[in-house]
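Residue numbering for the sequence shown follows my numbering, beginning at 13 and increasing consecutively. C-beta: ideal position from N, C-alpha, C; glycine also.
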Amino acid sequence: MTCRPDSTFSLVSPHISDHRLSSTDTPLKLGILASGNGSNFEAVAQAIENGQINAQIPVLIYNNPGAKAATRAVKRGIESVLLNHREYKNREALDQQIVQTLRQYDVDLVILAGWMRLVTSVLIDAFPNRIINIHPSLLPSFKGLHAVEQALQAKVTITGCTVHLVCLEVDSGPILIQAAVPVFPEDTPETLHARIQVQEHRILAQGIAIAASQLHTSLTPS
Ligand code: GRF
13 MTCRPDSTFS
23 LVSPHISDHR
33 LSSTDTPLKL
43 GILASGNGSN
53 FEAVAQAIEN
63 GQINAQIPVL
73 IYNNPGAKAA
83 TRAVKRGIES
93 VLLNHREYKN
103 REALDQQIVQ
113 TLRQYDVDLV
123 ILAGWMRLVT
133 SVLIDAFPNR
143 IINIHPSLLP
153 SFKGLHAVEQ
163 ALQAKVTITG
173 CTVHLVCLEV
183 DSGPILIQAA
193 VPVFPEDTPE
203 TLHARIQVQE
213 HRILAQGIAI
223 AASQLHTSLT
233 PS
């Protein structure tokens, strides 16, 4: 007989019972960058609506015309700005425009929620320790593109997702929170990614709350 956890099994660490931002704090302004579907963007917007995090999203930046993320923004009344990378001479030029836009909206934290572009020091230096990424693996395993396929190829039996601070090296900054899920023998990239995404939608807002509390600590005079 094969014993295996059911497909909803997950483990989230660190465990956060109530990591809400204090309601007396000013809402944190999140600038979200997304390239495609935008389900993680939507999950953050929903967490704000549910009162899980005391934040607001003044702007969504997207780089692909027709990205579903932009449609989601319109439906929620969130402003969106298209910065099409094809119109910039290099990555730095795009990042300069991103920084300018984020400053225009007075953003506190930058969230890469399915942002499929490599970021440069132009963006990282403008928002030190204030850029968060979500990646569909348990880092440091399976960095870079096709993380779900990499996990299947490696025949791991557990994988998951990671919310981390962004540094220049891809998928390598300090880890804020992770969630683990089982991998089943019959999994395809689609079924496994769907299982991971359920957890992504839980932990992204929690990772934002952790980053915000760390920022608050480092900004508070001792
Ligand atoms: C997610 O799996 C995320 O981990 C990765 O890109 C995907 C974006 O999904 N960086 P969505 O656009 O938020 O639905």
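In this structure, Leu180 sits away from Leu121, with a CB-CB distance that is not shorter than 7 Å. Between the ligand GRF and Ile146, a heavy atom-to-CB distance of less than 6 Å is present. In this structure Thr38 is exposed. Its beta-carbon is surrounded by fewer than 16 other beta-carbon atoms within 10 angstroms. The alpha-carbon separation between Val71 and Ser184 amounts to approximately 26 Å. In terms of Cβ geometry, Asn52 and Leu164 do not form a close pair [threshold 7 Å]. By the C-beta criterion, the stretch 205-225 is judged to be in contact with the stretch 44-64, since at least 3 inter-stretch pairs fall below 8 Å. The DSSP assignment places 121-124 and 143-147 as complete runs of the beta strand (DSSP E) inside the stretch 119-172, in order along the chain (cut-off: 3 residues).
With a cutoff of 7 Å on beta-carbon distance, Val178 and Ile189 are scored as not near each other. Contact between Leu124 and Asn145 holds: their C-beta atoms lie close to 4 Å from each other, under 8 Å. Excluding its 5 nearest sequence neighbours in each direction, Asn49 has C-beta neighbours in its own chain below 7 Å: Lys80, Ala81 and Gly126, listed in chain order.
In the DSSP secondary-structure assignment, Ser92 is bridged to Leu72. Linking Glu91 to Pro197 through their CA atoms gives a straight-line distance of about 42 Å.
In the displayed model, Thr83 falls within a helix according to three-state DSSP.
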